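A.B. asks: Letter 261 of the sequence shown, counting from 1, is numbered 260 in numbering that gives the first Met the number 0, and no numbers are missing. One structure, as structure tokens, below. Some questions next.
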Amino acid sequence: MTQEEAMFDEGAGAMPPQAQLAQLINGYLNTQLIYVVAKLGVPDLLKDGAKTSAELAARTGAHAPTLRRVMRGLVRCGLVVEDPEGRYSLTPVGACLQSDARGSMRDLAIANGEDCYAAWEGLLGAVRSGDTPFDRVHGKPFFAYLEQNRDAGNRFDGFMAAMAAETARAVVEVCDFSPYHRIVDVGGGRGVVLGSILAATPGSVGVLYDRAAVVAAARDALESLGVASRCRVEEGNFFVAVPPGGDAYVLAQILHDWDDERSIQILRNCRAAMDDHARLFVVERIMPDHADPSSSDVIDMDLVMLVLLGGRERTAAELRDLLHAGGFRLERIVTTSSPQSVLEASPC
Numbered sequence: 000m001t002q003e004e005a006m007f008d009e010g011a012g013a014m015p016p017q018a019q020l021a022q023l024i025n026g027y028l029n030t031q032l033i034y035v036v037a038k039l040g041v042p043d044l045l046k047d048g049a050k051t052s053a054e055l056a057a058r059t060g061a062h063a064p065t066l067r068r069v070m071r072g073l074v075r076c077g078l079v080v081e082d083p084e085g086r087y088s089l090t091p092v093g094a095c096l097q098s099d100a101r102g103s104m105r106d107l108a109i110a111n112g113e114d115c116y117a118a119w120e121g122l123l124g125a126v127r128s129g130d131t132p133f134d135r136v137h138g139k140p141f142f143a144y145l146e147q148n149r150d151a152g153n154r155f156d157g158f159m160a161a162m163a164a165e166t167a168r169a170v171v172e173v174c175d176f177s178p179y180h181r182i183v184d185v186g187g188g189r190g191v192v193l194g195s196i197l198a199a200t201p202g203s204v205g206v207l208y209d210r211a212a213v214v215a216a217a218r219d220a221l222e223s224l225g226v227a228s229r230c231r232v233e234e235g236n237f238f239v240a241v242p243p244g245g246d247a248y249v250l251a252q253i254l255h256d257w258d259d260e261r262s263i264q265i266l267r268n269c270r271a272a273m274d275d276h277a278r279l280f281v282v283e284r285i286m287p288d289h290a291d292p293s294s295s296d297v298i299d300m301d302l303v304m305l306v307l308l309g310g311r312e313r314t315a316a317e318l319r320d321l322l323h324a325g326g327f328r329l330e331r332i333v334t335t336s337s338p339q340s341v342l343e344a345s346p347c
């Protein structure tokens, strides 16, 4: 018997194929269960100790019998445990949904259940037509939706900042920015990545560049990292122009949001702002040439980009060609401890 056959052999202790497939088909259950408790703030209520579903319902205004059934679902997911008295407490995984947890996933859980969930209904149409499901379902592009729905925009900015903290730590571990005096973070969000870079390079100054609605919240992050006095915040549109005069430019998880044409426009605007001795640092996941189960992180993110933005994750060769079309030569690719890699490029 081959290894593959053994995996699906009921006598070997593995689930039968139909049961495995049923788990995959029913994945939407987990998304909505997690969304509901995150939206109600249940994980925060469990921070000071275990509580019954009746106690949680009283604190959240929920229907106690229904909430109890949802909590059972979370037990199945491994997010909470139930004691013999019917009280629930968080597991380490469930604690990631607390609003003040390091790298909190609360905003992401609510965004996936509330802002993004319906867009997946448009996937079949996108496969047939090549359009973007979010645009089809909501009647507007993703970033326009965020601009017009500030709660959604705040959630997006919140979970992007949480993800950026992991990225920033990984980038600073492998890249030395000390040779660069003026570092420009293009599309830098709330400034977590740039702030971490500046904290590691006390001789450098920075420019944080992004949409007005995003950078308005950046000052707190820069202050918390102790670099606000060395960082200027600029509002703008990277499809129009990029602040000139930097000797290092950073594009962290930006290009995957966009199709090739718009990504090239961003790169060309960066090139126009740079002199011939500056460097560009692109932080992206890299799609393998051939898919396998170990590539689940980048494959999943590629599908998210497809559904929400019409963007994509790219292979190393595709990123090299994209950089060349934007006026850059790829110098090296550095892997990090996070899912992202750093591509260093020079003007050509």
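Just so you know, even glycine gets a beta-carbon here, dropped at the ideal spot from N, CA and C. A quick note: this is a predicted structure, and the numbers were derived from the prediction, not measured.
Pop quiz: K50 and L44 are said to be a contact at Cβ under 8 angstroms. What is the actual Cβ separation, rounded to whole angstroms?
C.D. replies: To locate residue 50, count along the sequence shown from 1; it is residue 51. To locate residue 44, count along the sequence shown from 1; it is residue 45. At roughly 6 angstroms, the Cβ-Cβ gap stays under 8 angstroms, so K50 and L44 are in contact.
A.B. asks: Looking only at its own chain, which residues have a Cβ that is under 7 angstroms from the Cβ of E330, when we skip the five neighbours before and after it?
C.D. replies: For the purposes of this step, residue 330 is identified with residue 331 of the sequence shown, where counting begins at 1. Only E343, A344, S345 meet the Cβ criterion.
A.B. asks: Within 8 angstroms, do at least three Cβ pairs link the region 212–231 to the region 299–315?
C.D. replies: Too few Cβ pairs lie closer than 8 angstroms, so no.
A.B. asks: Run through the region 236–303 for me and flag every whole beta strand (DSSP E) of 3 or more residues, listed as ranges in chain order.
C.D. replies: 247–251, 278–283, all fully within the region 236–303.
A.B. asks: Check whether the Cβ atoms of M304 and E312 sit closer than 8 angstroms, and answer yes or no.
C.D. replies: As a working note, residue 304 is residue 305 in the sequence shown. As a working note, residue 312 is residue 313 in the sequence shown. The answer is yes: Cβ separation under 8 angstroms.
A.B. asks: Looking at the strands, I want to know which residues DSSP matches up with S345.
C.D. replies: Along the sequence shown, one-based indexing puts residue 345 at 346. For S345, which the question treats as bridged, DSSP gives the partners R328.
A.B. asks: Please report the residue range of the beta strand (DSSP E) in which D209 lies.
C.D. replies: Indexing the sequence shown from 1 puts residue 209 at position 210. Run containing D209: 204–209, per the beta strand (DSSP E) assignment.
A.B. asks: At which residues does the alpha helix (DSSP H) containing D184 begin and terminate?
C.D. replies: As a working mapping, residue 184 is identified with position 185 in the sequence shown. Element bounds for D184: not the alpha helix (DSSP H) but the beta strand (DSSP E), 181–185.
A.B. asks: DSSP three-state call for L89: helix, strand or coil?
C.D. replies: In the sequence shown, residue 89 corresponds to position 90, counting from 1. Three-state result, L89: strand.
A.B. asks: Would you decide whether H255 is buried or exposed? Buried here means 16 or more other CB atoms lie within 10 Å of its CB.
C.D. replies: Residue mapping note: residue 255 aligns to position 256 of the sequence shown, counting from 1. Its Cβ being crowded by 16 or more others within 10 Å, H255 is buried.
A.B. asks: How far does the alpha helix (DSSP H) with V136 in it reach, from first residue to last?
C.D. replies: Taking the first residue of the sequence shown as 1, we reach residue 136 at position 137. Here the alpha helix (DSSP H) through V136 covers 132–137.
A.B. asks: With a threshold of 7 angstroms on Cβ separation, who are the neighbours of V381 within its own chain once the five nearest residues in sequence on each side are excluded?
C.D. replies: Shown here, the chain extends from 0 to 347; a query on residue 381 therefore has no answer.
A.B. asks: Looking only at DSSP bridge pairs, what is R231 linked to?
C.D. replies: Here residue 231 refers to the residue found at position 232 when the sequence shown is read from its first residue. Answer is V206, bridged to R231.
A.B. asks: Determine the contact status of A125 and H137, defining contact as a CB-CB distance below 8 angstroms.
C.D. replies: Position 126 of the sequence shown, counting from 1, holds the residue named residue 125. Position 138 of the sequence shown, counting from 1, holds the residue named residue 137. No, they are not a contact pair.
A.B. asks: On the premise that S340 lies in contact with I285, defined as a C-beta separation below 8 angstroms, what is that separation, rounded to the nearest angstrom?
C.D. replies: As a working note, residue 285 is residue 286 in the sequence shown. As a working note, residue 340 is residue 341 in the sequence shown. Correct: roughly 5 angstroms between the Cβ atoms.
A.B. asks: Which residues bound the beta strand (DSSP E) around E222?
C.D. replies: By 1-based counting over the sequence shown, the position of residue 222 is 223. Not the beta strand (DSSP E): E222 falls in the alpha helix (DSSP H), residues 217–223.
A.B. asks: Could you check if P42 is buried or exposed, using at least 16 other CB atoms within 10 Å of its CB as the buried criterion?
C.D. replies: For the purposes of this step, residue 42 is taken as residue 43 along the sequence shown, with counting starting at 1. Answer is buried; the Cβ neighbour count reaches 16.
A.B. asks: Check whether the region 243–262 and the region 164–179 touch, using three or more Cβ-Cβ pairs below 8 angstroms as the test.
C.D. replies: Enough Cβ pairs lie closer than 8 angstroms, so yes.
A.B. asks: Can you tell me where the alpha helix (DSSP H) with V191 in it begins and where it stops?
C.D. replies: Residue numbering aside, residue 191 sits at position 192 when the sequence shown is read from its first letter. 191–199 is the span of the alpha helix (DSSP H), which, as asked, contains V191.
A.B. asks: By how many angstroms is the C-alpha of N268 removed from the C-alpha of M162?
C.D. replies: By one-based count along the sequence shown, residue 162 stands at place 163. By one-based count along the sequence shown, residue 268 stands at place 269. Cα-Cα distance, rounded: 26 angstroms.
A.B. asks: Helix or strand or just coil, what does DSSP make of K50?
C.D. replies: Residue numbering aside, residue 50 sits at position 51 when the sequence shown is read from its first letter. Residue state, collapsed to three classes: strand.
A.B. asks: Checking the sheet assignment: what are the DSSP bridge partners for S340?
C.D. replies: As a position in the sequence shown, residue 340 is number 341, starting the count at 1. Paired residue(s): E283, T334.
A.B. asks: Going by DSSP, what residue range makes up the alpha helix (DSSP H) through V35?
C.D. replies: By one-based count along the sequence shown, residue 35 stands at place 36. Start and end: 26–39.
A.B. asks: When you compare only the Cα positions, how much space is there between V204 and D275?
C.D. replies: Start at 1 with the first residue of the sequence shown, and residue 204 comes out as number 205. Start at 1 with the first residue of the sequence shown, and residue 275 comes out as number 276. Their backbone Cα atoms lie some 20 angstroms apart in a straight line.
A.B. asks: Please return the same chain residues whose Cβ sits closer than 7 angstroms to the Cβ of L145, not counting the five positions on each side in sequence.
C.D. replies: One-based indexing of the sequence shown puts residue 145 at position 146. Result list for L145: A151, G152, F155, in chain order.
A.B. asks: DSSP has E81 in a bridge; who is on the other side?
C.D. replies: As a working note, residue 81 is residue 82 in the sequence shown. Note: E81 sits in a beta bridge opposite Y87.
A.B. asks: For C95, I'd like the list of residues in its chain whose CB is within less than 6 angstroms of its CB, leaving aside the five on either flank, ordered along the chain.
C.D. replies: Looking up residue 95 in the sequence shown gives position 96. Counting only Cβ-Cβ distances below 6 angstroms, and skipping sequence neighbours, we find M104.
A.B. asks: Of all the options A290, V214, P178, which has the alpha carbon lying nearest to the alpha carbon of G186?
C.D. replies: The residue you call residue 186 lines up with position 187 of the sequence shown. Of A290, V214, P178, the residue nearest in Cα terms is V214.
A.B. asks: Tell me whether T200 is buried or exposed, calling it buried when 16 or more other Cβ atoms sit within 10 Å of its Cβ.
C.D. replies: One-based indexing of the sequence shown puts residue 200 at position 201. Buried.
A.B. asks: Would you mind sorting D209 into buried or exposed? The rule is 16 or more other CB atoms within 10 Å of its CB.
C.D. replies: Against the sequence shown, residue 209 aligns to sequence position 210. Buried, since its Cβ has 16 or more Cβ neighbours within 10 Å.
A.B. asks: Assign R154 to one of three DSSP states: helix, strand, or coil.
C.D. replies: Your numbering for residue 154 matches position 155 in the sequence shown. Here R154 sits in helix by DSSP.
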